[in-house]
Structures are given as structure tokens and as C-alpha cells.
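K.L.:
Residue numbers (my numbering): 1313 to 1475.
#1: Excluding the 5 residues preceding and the 5 following residue 1415 in the sequence, name in chain order all residues of the same chain whose CB lies nearer than 6 Å to its CB.
#2: Kindly list the residues whose CB is nearer than 8 Å to the CB of residue 1395, restricted to its own chain and excluding five residues on each side of it in sequence; keep chain order.
#3: Are there 16 or more other CB atoms within 10 angstroms of the CB of residue 1341, so buried, or fewer, so exposed?
#4: Buried or exposed: residue 1347, going by 16 or more other Cβ atoms within 10 Å of its Cβ?
#5: For residue 1326, collect the residues of the same chain with a Cβ closer than 6 Å to its Cβ; drop the 5 residues on either side in sequence, then sort them by chain order.
#6: Give the DSSP-derived three-state secondary structure of residue 1426 in the structure shown.
#7: Compute the beta-carbon to beta-carbon distance between residue 1333 and residue 1367, rounded to the nearest angstrom, for a pair I have assumed lies under 8 Å.
#8: For the beta strand (DSSP E) holding residue 1420, just list the boundary residues, first then last.
#9: Using beta-carbon positions only, say whether residue 1385 and residue 1370 come within less than 7 Å of one another.
#10: Can you name, in chain order, every residue of its own chain whose Cβ lies under 7 Å from the Cβ of residue 1330, other than the five neighbours on each side?
#11: Is it the case that the Cβ atoms of residue 1451 and residue 1441 are separated by a distance below 7 Å?
#12: Excluding five sequence neighbours on each side, which residues of the same chain lie with their C-beta closer than 8 Å to the C-beta of residue 1352?
#13: Rounded to whole angstroms, what is the Cα-Cα separation between residue 1435 and residue 1344?
#14: If you count every other CB in all the chains shown that lies within 10 Å of the CB of residue 1379, and 16 or more means buried, which is it?
#15: Should residue 1377 and residue 1470 be called a contact, given that it needs their Cβ atoms to be closer than 7 Å?
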């Protein structure tokens, strides 16, 4: 077998090695059925919005991470309840690391909430430039990127039973 002209299928392509990143995310929904989102402005990409949450620390459970992130970013120190959804997604962190994130979602419904960050990281202090409560209609036609992209469907799927 002559392999002198053989090239692997990935020749000329960039191989991306992704780091596993367990993360807890919070769907914080107020009495007007709006979800809290944070706006980030990284230098290497357009502004984006995402739900509160972040990476799970070594040895920490997803539920403990959700509670910690809720305190750090929103100022609420409450139990986040059970995990309501999960997604696995590839992306580049603000630090530039390519990751495969295993995101676990927790939903908290509150009458109202004053957002007062409890303990932001230095990076969050630089990149987190605001927050907003989004209705489903706001999400549908919004002009900036929102994560997760299927947020309306996620809210619908996790909505508590009315009764």
C-alpha cells in the first residue's frame, strides 16, 4: 500500500481541545413572569446576555454552585431547589478557553427581587455591565445575543404547574 500521498481527514483543519466545564445556571423568574439576564461586554466578541450562574468549583455540587452563584451575582442567599434542566454546549469562555459545558439549570420563582451583587469576581466587575428582566416577548425579538438561545422554550418547559 502506497501512503506517500495520504493525508488525514483533518489535515488543514484546526483541532480544538475542549476542557470540561460543569456549570450551574439559574432561571430567576419574577412575579411578572420575567427572567433575569446579565449583559456582558467582552472585548473579543459582541455584547451578550445570559442567566445568572457559572462554573462549579472543585468538590462542589451543582446545587451548591447554583446557590453560591445566586448570592455572588444577585445577592440572594436561598436554596435553588431541584435541577430542572440540563444542556451540554461548546463555547469559548471570557478567558479564551474552549470548553464543553455541562450546564444544570435551577428555576427560582420570586414575587420581586432587587439585584445587588454579593461578591462578583474581578472579571465580572469588568465585563458585567448591567442586568434586565426579560419577558418572553422581549426575548423573541431582542437585538443582542441571549444565552441560552432556546430560553423561551426552557422557561416554558420548567414553568411550575398552576393550580
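Note that the Cβ used here is the ideal one computed from N, Cα and C, for glycine as well.
P.N.:
According to the structure shown:
#1: Numbered from 1 along the chain shown, position 103 holds the residue referred to as residue 1415. For residue 1415, where only same-chain residues beyond five positions count, the Cβ hits under 6 Å are 1335, 1337, 1399.
#2: Along the chain shown, one-based indexing puts residue 1395 at 83. Once the five neighbours on either side are set aside, the close Cβ partners of residue 1395 are 1374, 1375, 1416, 1417, 1418.
#3: Within the chain shown, numbered from 1, the residue matching residue 1341 stands at position 29. Buried, because 16 or more other Cβ atoms sit within 10 Å of the Cβ of residue 1341.
#4: Working through the chain shown from its first residue, we reach residue 1347 at position 35. That one is buried.
#5: The count along the chain shown starts at 1 and reaches residue 1326 at position 14. Cβ within range, chain order: n/a, list empty.
#6: On the chain shown, position 114 is the one that residue 1426 refers to. Correct three-state label for residue 1426: coil.
#7: Translated into positions along the chain shown, residue 1333 becomes position 21. Translated into positions along the chain shown, residue 1367 becomes position 55. Between residue 1367 and residue 1333 the Cβ distance is about 6 Å, and since that is below 8 Å, they are a contact.
#8: By one-based count along the chain shown, residue 1420 stands at place 108. Counting along the chain, the beta strand (DSSP E) containing residue 1420 begins and ends at 1410 to 1421.
#9: Counting from one through the chain shown, the residue named residue 1385 turns up at place 73. Counting from one through the chain shown, the residue named residue 1370 turns up at place 58. Against a cut-off of 7 Å, the Cβ pair of residue 1370 and residue 1385 comes out as no contact.
#10: If you number the chain shown from 1, residue 1330 lands on position 18. Within the same chain, residue 1330 has close Cβ partners 1402, 1410, 1411, 1412.
#11: Translated into the one-based positions of the chain shown, residue 1451 becomes position 139. Translated into the one-based positions of the chain shown, residue 1441 becomes position 129. The answer is no: Cβ separation not under 7 Å.
#12: By 1-based counting over the chain shown, the position of residue 1352 is 40. Contacts found: 1359, 1360, 1361, 1362, 1406, 1439, 1440, 1441.
#13: Counting from 1 along the chain shown, the entry for residue 1435 is found at position 123. Counting from 1 along the chain shown, the entry for residue 1344 is found at position 32. Distance between the alpha carbons of residue 1435 and residue 1344 is about 31 Å.
#14: The count along the chain shown starts at 1 and reaches residue 1379 at position 67. Buried, since its Cβ has 16 or more Cβ neighbours within 10 Å.
#15: If you number the chain shown from 1, residue 1377 lands on position 65. If you number the chain shown from 1, residue 1470 lands on position 158. No, the pair does not count as a contact, with Cβ atoms beyond the cut-off.
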